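Here is the structure we will look at.
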Amino acid sequence: MSSSEAGRFVREVWGLQGVAYLVVGLRYYSRISTSGWQTLAWDDALMGLATLVYTAESVAGYFVVAYWRGLANNGMTDEQRAAVDPASEEWMLRVNGSKTHVIGLLLYTTLLWLLKGCWVVYYSRLTNGVQNMKRIIFWAAIIMPVTYVACLLVSFCKCIPFQNQWQIDPSPGNSCMPAISFVQTIFVMAMNTATDFYLMAIPLPMVWKSHLPWRNKATLMIMFSGGFIEMAFGILRCVSILTVGDVDPAQNGYWSVRESFVSFVLTNMPMVYPLFKGVIEKSRNLSTSNNKNSALSDSNGYRLGSYTAKLKQRPKSGSHPLSIPNRTKWGSDEHIVPGTADKSISDGDEAFVK
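Using my numbering, the first residue of the sequence shown is number 9, and each one after it goes up by one.
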C-alpha cells in the first residue's frame with residue numbers, strides 16, 4: 009500500500025470518527041437538555057458502549073493501514089510464503105496485520121449488533137401499547153443476541169486451531185485468512201441483512217397505515233428505512249472483500265469502518281432529528297404559538313406532528329389496529345398512530361415517535 013493511499017484512509021477514518029462523536033454528542037444533548045437525566049434509557053447506555061466499540065474498531069482499522077501497511081496472511085503464492093523469513097519485517101507485518109483483522113472483525117460485528125440492540129429498545133418504547141406488537145418486539149429481543157452469538161461462533165470456529173488465522177507458511181486456507189474469509193464475510197452479511205429487514209418491519213407498517221400528513225409520513229418512512237442504506241454498504245463491503253480483497257487486504261478495514269459509520273449515524277437520527285427540526289422551524293420566524301407546538305419539546309424521538317383537526321373530520325370507524333392509548337407508561341401525551349376516531353385524543357394533543 010502506498011503512503012498516499014494510507015494517508016487518505018487515515019484521514020477518512022478519523023474524519024468519520026469526528027462526525028460520529030458529534031452525532032452522539034447531539035443525541036445525549038437532546039435527551040438530557042430537554043428531558044433530564046432521568047429519561048435516559050437502555051438504548052442510551054448501549055449507544056455509549058457502541059461509541060467505545062466504534063472507537064476501538066477505528067483504531068484497529070488505523071493500525072491495519074498505518075502500522076501493518078495493509079498486509080495480512082493472504083495474497084501470497086506458496087512459493088512466496090516459503091520464501092518469507094520468520095525473522096523478517098514482512099513476516100511481522102503480515103502476522104500482526106492478520107491478528108488486527110481478527111480483532112477488527114470482532115469489533116465490527118459487536119458494534120453492528122449493539123446498534124441493533126439500540127433499535128430494539130427504541131422500538132419497544134415506540135410501540136408501547138400498540139396491539140399485536142409486543143410479540144414482535146419480544147422476538148426481536150431474542151433474534152438479535154442469537155444471531156450475534158451465531159456470528160461469533162463462525163468467527164471462532166471457521167478456523168481451527170484459532171491461531172491459524174495468522175499463519176503464513178504453509179497456506180492456512182481461505183477460512184483462516186481473516187481479511188478475505190468467504191465464510192465469515194458472507195455469513196455476517198447475511199445475518200446483518202436479515203436482522204435489518206426484521207427491524208425495519210417493525211415501524212414501517214405502522215407509519216404506512218397511519219393517518220399522518222403525507223410529508224410527516226414520508227419523513228418517517230425515510231428515517232426508518234435507513235437500514236436499506238446500511239445493507240447497501242454491507243453488500244458493498246462483502247463484494248469488495250470477495251473480489252479485490254486478496255489483492256488489497258485493507259479493503260476489509262475500509263468498508264468495515266464505512267459501514268459502521270453509516271449504521272452509527274442512522275441509529276442516532278431519530279434522537280438527533282428533533283434538534284435540527286427545531287432549529288429550522290425557529291429560523292422561519294414562525295408565530296409564538298406555532299413555535300411552541302413545533303419546536304423541540306421531547307427528545308425521546310421525532311415528533312410526528314399535530315393531526316387532531318384532521319381526525320375530527322374523519323368518520324368514527326373504530327380504532328386503528330395499531331393505535332396507542334392516550335397515555336403511555338412514560339406518563340406523557342405521546343402516541344404513534346391513534347385510531348381514526350380515538351376518543352382519548354384531546355384538543356392540542358400531538359403524535360410523537362418516542
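Quick reminder that beta carbons are idealized off the backbone N, C-alpha and C, glycines included.
From a predicted model like this one, the values you see are computed outputs, not experimental measurements.
CB-CB length for I210 against T135, believed under 8 Å: Taking C-beta atoms under 8 Å as the contact rule, I210 and T135 qualify, at a distance of about 7 Å.
Integer-rounded CB distance, given that P278 should sit under 8 Å from Y130: About 7 Å separates the beta carbon of Y130 from that of P278, a gap short enough to meet the 8 Å contact definition.
Distance, V273 Cα to W45 Cα: Put simply, the backbone Cα of W45 is about 22 Å away from that of V273.
Start and end residues, alpha helix (DSSP H) containing R77: Careful: R77 lies outside any alpha helix (DSSP H) and carries neither H nor E.
Same chain, Cβ closer than 8 Å to L212, neighbours up to 5 away in sequence not counted: Here the set comprises M229, F232, S233.
For S218, the three-state DSSP class (helix, strand or coil): DSSP places S218 outside both helix and strand once states are collapsed to three, so it counts as coil.
Alpha helix (DSSP H) runs contained entirely in the stretch 81–138, provided each spans 4 or more residues: 86–91, 97–134, all fully within the stretch 81–138.
A187 vs N104 beta-carbon contact at 8 Å: Cβ distance not < 8 Å, so A187 and N104 don't count as in contact.
Of the listed residues S264, D254, W222, A90, nearest to F364 (C-alpha basis): This structure does not reach residue 364, given that the chain is present from 9 up to 362, and the question cannot be answered.
C184 vs Q192 beta-carbon contact at 8 Å: With respect to the 8 Å criterion, C184 and Q192 are not classified as neighbours on the basis of their beta carbons.
Among R133, S38, S12, the one whose alpha carbon lies nearest that of R77: The residue among R133, S38, S12 with its C-alpha nearest the C-alpha of R77 is S12.
Ordered list of alpha helix (DSSP H) runs contained in the stretch 167–249, each at least 4 residues: Annotation: the stretch 167–249 contains the following complete segments of the alpha helix (DSSP H) (minimum length 4 residues), in chain order: 190–208, 212–217, 222–232.
Cut-off 7 Å between Cβ atoms - residues of its own chain near R266, not counting five sequence neighbours on either side: Excluding positions up to five away in sequence, the list reads F241.
Nearest-angstrom Cβ-Cβ length linking S132 and I145, presumed shorter than 8 Å: Yes, they are in contact, since the Cβ atoms of S132 and I145 sit about 5 Å apart, within 8 Å.
For L48, three-class secondary structure by DSSP: The three-state reading of DSSP puts L48 in coil, since its state is none of H, G, I, E or B.
Residue from N200, Y29, C159 with nearest C-alpha to L114: Of the candidates N200, Y29, C159, the residue whose Cα lies closest to the Cα of L114 is C159.
Stretch pair the stretch 61–68 + the stretch 106–113: three plus CB contacts closer than 8 Å: Note that the stretch 61–68 touches the stretch 106–113; at least 3 beta-carbon pairs, one per stretch, sit closer than 8 Å.
Rounded straight-line distance, which links the Cα of A202 to that of S41: Cα to Cα, S41 sits roughly 36 Å from A202.
M55 - DSSP class collapsed to helix/strand/coil: In the structure shown, M55 adopts helical secondary structure according to DSSP, grouped into three states.
Exposure label - D86; buried when at least 16 CB within 10 Å: Classification for D86: exposed.
Straight-line Cα distance separating Y281 from K290: Counting only the Cα atoms, Y281 lies some 14 Å from K290.
Contact check, G181 vs M208, beta carbons under 8 Å: Not in contact: G181 and M208 (Cβ atoms no closer than 8 Å).
Rounded separation between D51 and S268 - CA only: About 17 Å.
For N140, the three-state DSSP class (helix, strand or coil): Residue state, collapsed to three classes: coil.
Per-residue DSSP class, three states only, for V255: Assignment of V255 by DSSP, reduced to helix, strand and coil, places it in the coil class.
Cβ neighbour criterion (16 or more within 10 Å) applied to E238: E238 counts as buried, since at least 16 other C-beta atoms from the protein chains shown sit within 10 angstroms of its C-beta.
Assigned exposure category for V31 - 16 Cβ within 10 Å defines buried: V31 counts as buried, since no fewer than 16 other beta carbons sit within 10 angstroms of its beta carbon.
R39, buried or exposed, once every other Cβ within 10 Å from all chains shown has been counted against 16: The residue is buried, with at least 16 neighbouring Cβ atoms inside 10 Å.
Environment of L60 [buried if 16+ CB atoms lie within 10 Å]: So L60 ends up on the exposed side.
C-alpha gap between L101 and D177, whole angstroms: Whole-angstrom Cα-Cα distance: 14 Å.
Residue of Y262, W222, K142 minimising C-alpha distance to R16: Closest option to R16, Cα to Cα, is Y262.
Close-in-space but distant-in-sequence residues of the same chain around S305 (CB under 6 Å, 5 per side omitted): Only weak support is given to the placement of S305: the predicted model assigns it a pLDDT of 45, under 50, and the value that follows is read from those uncertain coordinates. Cβ within range, chain order: n/a, list empty.
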